[in-house]
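Notes follow the structure.
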């Protein structure tokens, strides 16, 4: 197979799931990284020109021309940079170095060739790469992943509001437990996601860059212009790219900021994994039905099947994402001495981790759009498990001074089927006021939901 189409891709991210991951191409592809490198090199050149110490200037017209190079950066431009790296040109051999190829590309696009020597002045490749990557990854998170997560959170919130009063049997340890409402359970996920999104946003806002040279000492800069405060220059330049400034460093950005971001993403993903599995179980138990397309096939052999495939797909992708993010968060924060290059190939896979996140978010959202609570099944299940009001019974009896309340209810309910009539017989034998007896008699599993409906509206 020689085609470069979706059937010939090595990864399903660019094949089967290309329509899901397409929004990340703008930020996580190699072309996006090359464009960001060009941006960093050009903005750095302009910043150098603004120093009193440097002997060149760039007027407004030339600044506009320079910025147009990365603002209108095209696929053919990226291919040109790749050619400089891997093939070379008639007058220049292949660089076999990605950042050097970017430097030559910028030089070739200068409105004033006389300032070519100032491109990449005093920099090491990591100065460019650490900034370029974060210039890509920050909007990938803020403009793609977070909005998708927010859309999923809103679906949970909508279900919480719509079904705030829909009673449902809870299960702890897999066994019938104190009833809740379906809306309240959806509000749990809406609230957890809100907190998870906040954490991601804080981590993305805290992404930090370095511009300190080959060993993090500003040595080349200081050698050329000792009178310049290069630390202040670096801090201002990094800030101009929308990043915090980090120092002291080695040649390598320590990437603690990335570890925090990846961990924040993993946290939100764990919330969705929990939700995927619970909703899957609700479908399995008949609590939820699923709208399906008439021409959709659920099983290759069982025509009746409508499977919870969106939640299963989300689960698989989010587990894969979390595995990758855990590895990335651990690996990018370590390096031999002042640096080794092993992190470079690893960081090329950040986009893949983001892509698995995005697919997972999309699939959970699609699945939630299809589910419809089956209130009849929920109420039947509650009616079949009247023993769950035992908690309320023994608590009310304790209030009335019955020290053996727990034991009496346990004797009635534990390990055996119990009906409301059994409870009523117990109530008739109790030494309690008629008011309390009536309070006990009106208890039902469907009404014993506490303030669940209020909690469904407190998901923020």
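Numbering (the working numbering), first residue to last: 4 to 463.
Glycine included, every Cβ here is placed at the ideal spot set by N, Cα and C.
Keep in mind that this is a model prediction, so the values were computed, not measured.
Starting from residue i, trace the alpha helix (DSSP H) in both directions and tell me its first and last residue.
i: residue 147; result: Looking at the DSSP string, residue 147 is not in any alpha helix (DSSP H), and its letter there is neither H nor E.
i: residue 367; result: 353-373
i: residue 86; result: 78-89
i: residue 458; result: 455-458
i: residue 221; result: Note, residue 221: premise wrong, no alpha helix (DSSP H); not H, not E.
i: residue 102; result: 101-111
i: residue 68; result: 63-74
Beta carbon of residue i, beta carbon of residue j: below 7 Å?
i: residue 81; j: residue 90; result: no
i: residue 151; j: residue 123; result: no
i: residue 49; j: residue 61; result: yes
i: residue 182; j: residue 451; result: yes
i: residue 444; j: residue 430; result: yes
i: residue 65; j: residue 114; result: yes
i: residue 359; j: residue 320; result: yes
i: residue 39; j: residue 357; result: no
i: residue 448; j: residue 396; result: no
i: residue 385; j: residue 190; result: no
i: residue 285; j: residue 139; result: no
i: residue 439; j: residue 394; result: no
i: residue 455; j: residue 184; result: yes
i: residue 277; j: residue 314; result: no
i: residue 134; j: residue 252; result: no
Grab the span of the beta strand (DSSP E) containing residue i for me, first residue to last.
i: residue 435; result: Premise fails: residue 435 is in no beta strand (DSSP E) and is neither H nor E.
i: residue 180; result: 178-184
i: residue 34; result: Here residue 34 belongs to no beta strand (DSSP E); instead the alpha helix (DSSP H) covers 33-52.
i: residue 270; result: No beta strand (DSSP E) holds residue 270; the alpha helix (DSSP H) holding it covers 259-287.
Pick helix, strand or coil for residue i, following the three-state DSSP scheme.
i: residue 152; result: helix
i: residue 196; result: helix
i: residue 172; result: strand
i: residue 324; result: helix
i: residue 393; result: helix
i: residue 376; result: strand
i: residue 341; result: coil
i: residue 167; result: coil
i: residue 244; result: coil
i: residue 404; result: coil
i: residue 11; result: helix
i: residue 24; result: helix
i: residue 211; result: strand
i: residue 332; result: helix
i: residue 292; result: strand
i: residue 19; result: coil
i: residue 420; result: coil
i: residue 92; result: strand
i: residue 250; result: coil
i: residue 450; result: coil
i: residue 130; result: helix
i: residue 316; result: helix
i: residue 206; result: helix
i: residue 230; result: coil
Answer with buried or exposed for residue i, where buried requires no fewer than 16 other C-beta atoms within 10 angstroms of its C-beta.
i: residue 467; result: Any question about residue 467 goes unanswered here, given that the chain covers just 4 to 463.
i: residue 419; result: exposed
i: residue 24; result: buried
i: residue 59; result: exposed
i: residue 11; result: exposed
i: residue 344; result: exposed
i: residue 188; result: buried
i: residue 363; result: buried
i: residue 375; result: exposed
i: residue 317; result: buried
i: residue 349; result: exposed
i: residue 170; result: buried
i: residue 366; result: buried
Which same chain residues, not among the five before or five after residue i, have their C-beta less than 6 Å away from its C-beta?
i: residue 249; result: 211 and 213
i: residue 407; result: none
i: residue 267; result: 202, 203 and 206
i: residue 14; result: none
i: residue 195; result: 274
For residue i, which residues from the same chain have a beta carbon less than 7 Å from its beta carbon, with the 5 sequence-adjacent residues on both sides left out?
i: residue 56; result: 228, 230 and 231
i: residue 225; result: 233
i: residue 258; result: 335 and 336
i: residue 269; result: 325, 328 and 329
i: residue 52; result: 59, 60 and 61
Go through its chain and collect everything with a Cβ distance to residue i's Cβ below 8 Å, but skip five positions before and after it.
i: residue 371; result: 155, 158, 159, 162 and 282
i: residue 4; result: Reliability fails at residue 4, whose pLDDT of 47 lies under 50, so the model's placement of it is uncertain and the value that follows must be treated cautiously. So the qualifying residues of the chain are 10 and 11.
i: residue 361; result: 23, 24, 26, 27, 147, 148 and 151
i: residue 237; result: 213, 214, 215, 221, 248 and 250
i: residue 108; result: 41, 80, 83, 84 and 87
i: residue 35; result: 28, 29 and 139
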